[in-house]
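To start, the structure itself, in structure tokens.
Residue numbers (my numbering), protein chains in the order written: chain P, 1030 to 1113; chain L, 3 to 427.
Structure follows, in structure tokens:
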């Protein structure tokens, strides 16, 4: 329940307002270019991880470092280092 | 109630700043009609005009509609805005802005005289109950300007970084030191900050630098609503509307950014959802300042000449501006709607603009204000590492010169019963 009695009703847009087929404007087209650019950086980083030869990873520290980087893509929210 | 020395109770209690940045509408288009209700608001008398391309004077008219009028999207790129501001007077010494080129600019897109006149339309206040209601209940800025007479990406950059790093367009810009985003600076001070974008299909407009390097500072609008409800809102939040029409889990998601030619009512609903979410949590309501502001004017008429301002640290070359002249970032863009919502703001506050020797705000005022908020109880000396401390303290020339807005929070709180609540169901 609202904490005030001063309720202001707002009209909703008509169903006709929704139009997925509206041509994308310059802002949205620029956004796709920016998205692609941001993705490219991740691609470069992923490629850098893929070229690492697993046989070159020798120590537990190296394994954890590799796992942390891979997990940052596979499960971004779970890849943080657990604190004490 | 007592506040700390030299600090109002409202500022003392402030724990959260929320900024909602909408898209592409001028002050006069959205709020200009309020002048008839409150003459202190620097809106429209009804006599403001531009000449159309037949040399016919066309006055402003309260005929703006929610959707369908501004298609094609009015030009708001740097050369287009130059025409709008200077009425077609070419670059040269002594050139003065006159705000007489809006119809000329819009005409160029379709060569349609009738369509070009629509750039002078504005909303009668009753058609925008949320924006005009909040403006009259809390504080409205007569002098908040976009940071650059240009488009979205560079203007939004000023809200995030206090600079656009020399950009006046929509191109990808890479971060150039030494100015960190306000989110990164907040984190360096041990504070919390987040950009809440609407959802995946809408994404964010701050993609290249922050999303690829600092993804932990992002959240969705759904999370914003939960964070408000459960008292987990960060100290600084920047909220982005839905930028496109798309299918959602619950049905059609209509764009809420109010960018022409998106539906204005959906933007009003979006604003009200943010306001209601803060209002619904009594602790949050008493400790939050919400700023609703637009990134730029979208090519739509405003009568106030944007003032000169402090130069930024980089210039844009002539080939980037498209006007034949470089730009030193020494003039603000067209005026935009800006409303400050907090129970600690006196009802009906009108913040005078530069037209009456008042105050001038722009998007660099956002990081400047957030820094002031952080510094109200944080001593940078506690950052031991010199480089980190410098990263926290560095601010662009424009941000250093920008006015801040927390002094509008006072000792008196508006009664909850007198504040509105929006019903959009």
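All C-beta atoms in this analysis are idealised placements derived from N, C-alpha and C, irrespective of residue type, glycine included.
C-alpha gap between residue i and residue j, whole angstroms
i                       : j                       : result
residue 100 of chain L  : residue 52 of chain L   : 10 Å
residue 24 of chain L   : residue 201 of chain L  : 16 Å
residue 266 of chain L  : residue 1047 of chain P : 12 Å
residue 269 of chain L  : residue 180 of chain L  : 35 Å
residue 26 of chain L   : residue 157 of chain L  : 11 Å
residue 315 of chain L  : residue 168 of chain L  : 8 Å
residue 46 of chain L   : residue 336 of chain L  : 15 Å
residue 90 of chain L   : residue 328 of chain L  : 17 Å
residue 1152 of chain P : residue 1071 of chain P : Absent from the model: residue 1152 of chain P. The displayed extent of chain P is 1030 to 1113, so no value can be given.
residue 211 of chain L  : residue 1063 of chain P : 10 Å
residue 187 of chain L  : residue 404 of chain L  : 17 Å
residue 11 of chain L   : residue 414 of chain L  : 8 Å
residue 341 of chain L  : residue 1088 of chain P : 57 Å
residue 207 of chain L  : residue 20 of chain L   : 17 Å
residue 1036 of chain P : residue 119 of chain L  : 36 Å
residue 275 of chain L  : residue 424 of chain L  : 8 Å
residue 175 of chain L  : residue 209 of chain L  : 10 Å
residue 1055 of chain P : residue 1085 of chain P : 47 Å
residue 1074 of chain P : residue 1051 of chain P : 35 Å
residue 66 of chain L   : residue 48 of chain L   : 14 Å
residue 1031 of chain P : residue 283 of chain L  : 10 Å
residue 1092 of chain P : residue 313 of chain L  : 50 Å
Exposure of residue i, with buried meaning 16 or more beta-carbon neighbours within 10 Å
i                       : result
residue 377 of chain L  : exposed
residue 155 of chain L  : buried
residue 150 of chain L  : buried
residue 108 of chain L  : buried
residue 1049 of chain P : exposed
residue 173 of chain L  : exposed
residue 1097 of chain P : exposed
residue 1058 of chain P : exposed
residue 402 of chain L  : exposed
residue 232 of chain L  : exposed
residue 366 of chain L  : buried
residue 408 of chain L  : buried
residue 13 of chain L   : buried
residue 110 of chain L  : exposed
residue 1043 of chain P : exposed
residue 298 of chain L  : buried
residue 229 of chain L  : buried
residue 1102 of chain P : exposed
residue 310 of chain L  : exposed
Beta carbon of residue i nearer than 9 Å to that of residue j
i                       : j                      : result
residue 280 of chain L  : residue 343 of chain L : yes
residue 242 of chain L  : residue 198 of chain L : yes
residue 142 of chain L  : residue 406 of chain L : no
residue 104 of chain L  : residue 152 of chain L : no
residue 368 of chain L  : residue 190 of chain L : no
residue 44 of chain L   : residue 29 of chain L  : yes
residue 339 of chain L  : residue 296 of chain L : yes
residue 205 of chain L  : residue 257 of chain L : no
residue 148 of chain L  : residue 321 of chain L : no
residue 145 of chain L  : residue 361 of chain L : yes
residue 163 of chain L  : residue 183 of chain L : yes
residue 394 of chain L  : residue 271 of chain L : no
residue 1 of chain L    : residue 236 of chain L : Because residue 1 of chain L is not part of the residues shown, which for chain L are 3 to 427, the question remains open.
residue 1077 of chain P : residue 246 of chain L : no
residue 87 of chain L   : residue 308 of chain L : yes
residue 354 of chain L  : residue 42 of chain L  : yes
First and last residue of the uninterrupted alpha helix (DSSP H) at residue i
i                       : result
residue 157 of chain L  : 154-163
residue 362 of chain L  : Unbroken run through residue 362 of chain L: none, as it is neither H nor E.
residue 131 of chain L  : 131-139
residue 1092 of chain P : 1089-1103
residue 115 of chain L  : 115-119
residue 1062 of chain P : 1055-1079
residue 322 of chain L  : 320-323
residue 224 of chain L  : 223-231
residue 326 of chain L  : It is not in any alpha helix (DSSP H) - residue 326 of chain L carries neither H nor E in the DSSP assignment.
residue 340 of chain L  : Note, residue 340 of chain L: premise wrong, no alpha helix (DSSP H); beta strand (DSSP E) at 340-343.
Range of the contiguous beta strand (DSSP E) that encloses residue i
i                      : result
residue 196 of chain L : 195-199
residue 239 of chain L : 238-241
residue 248 of chain L : 248-250
residue 61 of chain L  : 59-61
residue 423 of chain L : 423-425
residue 18 of chain L  : 18-24
Across the stretch 18-37 of chain L and the stretch 123-143 of chain L, are there enough close Cβ pairs to call them in contact, namely three or more that are closer than 8 Å?
yes
Kindly confirm or deny that the stretch 319-333 of chain L and the stretch 292-305 of chain L touch, where touching means at least three C-beta pairs closer than 8 Å.
no
Inter-stretch contact at 8 Å, needing at least 3 Cβ pairs: the stretch 298-315 of chain L / the stretch 1063-1071 of chain P:
no
Do the stretch 250-264 of chain L and the stretch 71-78 of chain L touch if we need at least three Cβ pairs shorter than 8 Å?
yes
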